[in-house]
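Notes for the one structure printed next.
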Amino acid sequence: MQIFTYNDFLKDKEIVTFEQAEIILDELIKSSNIYDPEFQAYWKELIEYSAKYAEMRGKWRILTKKEQDTLDETRTNIHNRIRDNLISIRGLAQINNKDTSWFDKFHNDRKRMGDFANYINYIYAVNSR
């Protein structure tokens, strides 16, 4: 079994680092009406799916290939919901003529959105202790 650190993650070139995720989150919040019930619904679902995604990704490297294959469709569906919620949050900001350049930082890359979801989960987890 391999032991991983954050520095191992940083070796990948197409990642969202903690520092980048923090900027994206700050910009997302600034572009949003956080009191809007529609925003809150999308945000709540984003948090829920981020937690599911982080749990699945956290276990991924210790699963057998067969276990990964069994869970792959579920993981993809969770990832799609994260992407859908980010797109919906961006759409609300666009309706209100707010800056949505934070979304462009994902480079339309699902893995980068997944990195952000893991960051969101981390932020919510450490704030819940």
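Here the sequence shown stands for residues 193 to 321, numbered as in the working numbering.
Positions of the beta carbon are idealized from the N, C-alpha and C atoms, including for glycine.
Pull up the CB-CB distance for M248 and L278, whole angstroms please, since I reckon it's below 8 Å. Against the sequence shown, residue 248 aligns to sequence position 56. Against the sequence shown, residue 278 aligns to sequence position 86. About 18 Å separates the CB atoms of M248 and L278; that is not less than 8 Å, and the two are not in contact.
Using the Cα positions of E219 and R321, report the straight-line distance between them to the nearest angstrom. The residue labelled residue 219 in the question sits at position 27 within the sequence shown. The residue labelled residue 321 in the question sits at position 129 within the sequence shown. If you take the alpha carbons of E219 and R321, they lie about 25 Å apart.
Helix, strand or coil at E240 [DSSP, three-state]: Working through the sequence shown from its first residue, we reach residue 240 at position 48. Note: E240 maps to helix in three-state DSSP.
Suppose contacts are defined by Cβ-Cβ distances below 7 Å. Is T292 in contact with S223 by that definition? On the sequence shown, residue 292 is found 100 positions in, with the first residue counted as 1. On the sequence shown, residue 223 is found 31 positions in, with the first residue counted as 1. Yes, Cβ-Cβ distance for T292 and S223 is below 7 Å.
F201: buried (16+ other C-beta within 10 angstroms of its C-beta) or exposed? As a first step, residue 201 must be located in the sequence shown, where it is residue number 9. Only exposed fits F201, as fewer than 16 other CB atoms lie within 10 angstroms of its CB.
Secondary structure of Q260, DSSP reduced to three states: For the purposes of this step, residue 260 is identified with residue 68 of the sequence shown, where counting begins at 1. Collapsing the DSSP output to three states places Q260 in a helix.
Beta-carbon proximity of Y316 to I239, cut-off 7 Å: For this step, residue 316 is matched to residue 124 along the sequence shown. For this step, residue 239 is matched to residue 47 along the sequence shown. Taking 7 Å as the Cβ cut-off, Y316 and I239 qualify as a contacting pair.
Segments of 4+ residues assigned as alpha helix (DSSP H) that fall wholly inside the stretch 246-310: Counting whole runs of 4 or more residues, the stretch 246-310 contains the alpha helix (DSSP H) stretches 257-287, 293-296.
Below 8 Å on the Cβ atoms is my contact criterion, and I expect E230 with L284 to pass it. Report the Cβ-Cβ distance as a whole number of Å. On the sequence shown, residue 230 is found 38 positions in, with the first residue counted as 1. On the sequence shown, residue 284 is found 92 positions in, with the first residue counted as 1. Rounded to the nearest angstrom, the Cβ distance from E230 to L284 is 6 Å, consistent with a contact under 8 Å.
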